[in-house]
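Undergrad: Please read through the structure below; I'll follow up with questions.
Number of protein chains: 2
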Amino acid sequence: MMELTRKGEYAIRGIVYLATQPEDKVCLLSDIASAVEVPATFLAKIFQQFSKIGLVKSYRGTGGGFVLGRSADKITLLEVVEAVEGAIIPNRCVVNPGECSRDISCKVHPVWKRVQEQVRDVLERVTLEDLAGV
Amino acid sequence: MMELTRKGEYAIRGIVYLATQPEDKVCLLSDIASAVEVPATFLAKIFQQFSKIGLVKSYRGTGGGFVLGRSADKITLLEVVEAVEGAIIPNRCVVNPGECSRDISCKVHPVWKRVQEQVRDVLERVTLEDLAGV
DNA sequence: AATAAAAAAGATAAAAATTGTCTTTTTAGA
DNA sequence: TCTAAAAAGACAATTTTTATCTTTTTTATT
């Protein structure tokens, strides 16, 4: 339960690698993929998602590639994880009020809310700088 | 991400319902299932898992059914969830040391460990009595 | 002892999510 | 114009989830 998927694992590996590179260096997807041992086509999809929300900046065409969208200390692990896995929602009824009509759900509701907050809190305190650092 | 499955949701509903019943009342699976609106055959599998680890006691044959294995205040939500969803493992490398050979994983490792602890902590503090109470 | 009620166990299957791959398109530099 | 690279979209294999159905075992009751 609560397991990060491959996609999430790959996403972290890929963007942390980017964070270890010199800030101005434009990295090829193919290089990142082989460095972190992730299928390049799959990582491409992941970086497209990153790009859409500005976590990375992409350059197309010759000499293109990826750089971080912001400095590593301004990107949290929470953002990275949520970018590819979606929001952290331990239970449907946490986000969907109509979902829990029955009494029992309502008692459980605040517990999952607390779980959600705790997890988000932990992930939010960690930045790519922390993960990339020596 | 981190979403409880239907199985987990059903499991909680079912055992919380049992906790709302008089302690000595032997409840039919079919009654529990219809009360909490869960497919009876699916709930049967869930209760078999509960039974194996003593979370519930089962009686077979005529007049059979289920009762809680312990008093409701001695059963935590963590036990219930882990009984059907397995251990709370946010990342493979948290449990499998060989998994994370690469440097980056090792930096991420303690973060997931912390997530795991936080989640377990929240769920462990909640008992079936809390959830069944008025 | 026979019968009926109930859970246990096992086999199977549909649906959904995950984990990819492949091809075509767009963009930009040389 | 040609080539390098990411973007986008279609497709497919695998795994997990979400069940259902049948048979077996156990137990109480008649």
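Residue numbers (the numbering used here), protein chains in the order written: chain A, 15 to 148; chain B, 15 to 148. Ideal placement from N, C-alpha and C gives every residue a C-beta, glycine not left out. It should be emphasised that the depicted structure is a prediction, and the values quoted were computed from it without experimental measurement.
Quick one: what does DSSP say residue 44/A is sitting in, helix, strand or coil?
TA: Helix, per DSSP.
Undergrad: What first and last residue would you give for the beta strand (DSSP E) that runs through residue 85/B?
TA: Looking at the DSSP string, residue 85/B is not in any beta strand (DSSP E), and its letter there is neither H nor E.
Undergrad: Any residues in the region 81-109 of chain A with a beta carbon nearer than 7 Å to a beta carbon of chain B? Which ones, in chain order?
TA: Listed by position, the residues of the region 81-109 of chain A near chain B (Cβ gap below 7 Å) are 91, 95, 99, 100, 102, 103, 104, 105.
Undergrad: When the Cα of residue 67/B is compared with those of 56/B, 44/B, 37/B, 89/B, which residue comes out closest?
TA: Residue 89/B is the option with its Cα nearest to residue 67/B.
Undergrad: Assuming contact is defined by CB atoms lying nearer than 8 Å, are residue 64/A and residue 97/A in contact in what I supplied?
TA: In this structure, residue 97/A lies closer than 8 Å to residue 64/A by Cβ.
Undergrad: Do residue 93/A and residue 69/A have their C-beta atoms within less than 8 Å of each other?
TA: Yes, these two residues count as a Cβ contact at 8 Å.
Undergrad: Could you run through the region 39-71 of chain B and flag, in chain order, every residue whose CB is less than 9 Å away from some CB of chain A?
TA: Cβ contacts with chain A: 50, 51.
Undergrad: Looking at chain B, is there any beta carbon in it that lies within less than 8 Å of the beta carbon of residue 18/A?
TA: Closer than 8 Å to some Cβ of chain B, the Cβ of residue 18/A qualifies, so yes.
Undergrad: Exposed or buried, residue 131/B, counting other C-beta atoms within 10 Å across all chains shown (16 or more means buried)?
TA: Looking at its Cβ environment, which holds fewer than 16 other Cβ atoms inside 10 Å, residue 131/B is exposed.
Undergrad: Looking at the strands, I want to know which residues DSSP matches up with residue 70/B.
TA: DSSP, once it has assigned bridges, lists 82/B as partnering residue 70/B.
Undergrad: If you reduce the DSSP assignment to three classes, tell me which class residue 119/B lands in.
TA: Note that residue 119/B scores a pLDDT of 48, beneath 50, so its modelled location is shaky and nothing firm can be said.
Undergrad: Can you tell me where the alpha helix (DSSP H) holding residue 32/A begins and where it ends?
TA: Residues 20-34.
Undergrad: Using 8 Å as the Cβ pair cut-off and three pairs as the minimum, do the region 37-51 of chain A and the region 70-84 of chain A touch?
TA: The region 37-51 of chain A, when compared against the region 70-84 of chain A, does touch it at the 8 Å Cβ threshold.
Undergrad: Taking buried to mean at least 16 other C-beta atoms within 10 Å of its own C-beta, is residue 73/B buried or exposed?
TA: Exposed, by the Cβ-count rule.
Undergrad: Note down the Cα distance separating residue 33/B from residue 139/A, rounded to an integer number of angstroms.
TA: Whole-angstrom Cα-Cα distance: 38 Å.
Undergrad: Since residue 132/A meets chain B, which of its residues come closer than 7 Å, beta carbon to beta carbon?
TA: The answer, in chain order, is 132, 133, 136.
Undergrad: For the candidate residues 50/B, 25/B, 49/B, 137/B, whose alpha-carbon lies nearest to that of residue 61/B?
TA: Comparing Cα-Cα distances from residue 61/B to each of 50/B, 25/B, 49/B, 137/B, the minimum goes to 25/B.
Undergrad: Taking the straight line between their C-alpha atoms, what separation do you get for residue 153/A and residue 137/B?
TA: Residue 153/A lies beyond the residue range present for chain A, which begins at 15 and ends at 148; the question has no answer from this structure.
Undergrad: Less than 7 Å between C-beta atoms, sequence neighbours within five positions excluded: which residues of the same chain meet that for residue 19/B?
TA: Here the set comprises 99.
Undergrad: Going along chain B, which residues have a C-beta under 9 Å from residue 145/A?
TA: The contacting residues are 118, 121, 122, 125.
Undergrad: Using the C-alpha atoms, what's the distance from residue 121/A back to residue 142/A?
TA: Rounded to whole angstroms, residue 142/A to residue 121/A spans 37 Å at the Cα level.
Undergrad: Output yes if chain A places a C-beta closer than 8 Å to the C-beta of residue 74/B; else output no.
TA: Taking Cβ atoms only, chain A never reaches closer than 8 Å to residue 74/B, which makes this a no.
Undergrad: Where do the ends of the alpha helix (DSSP H) carrying residue 96/B lie?
TA: Run containing residue 96/B: 91-99, per the alpha helix (DSSP H) assignment.
Undergrad: Does DSSP put residue 55/B in a helix, a strand or coil?
TA: In this structure, residue 55/B counts as helix in the three-state DSSP scheme.
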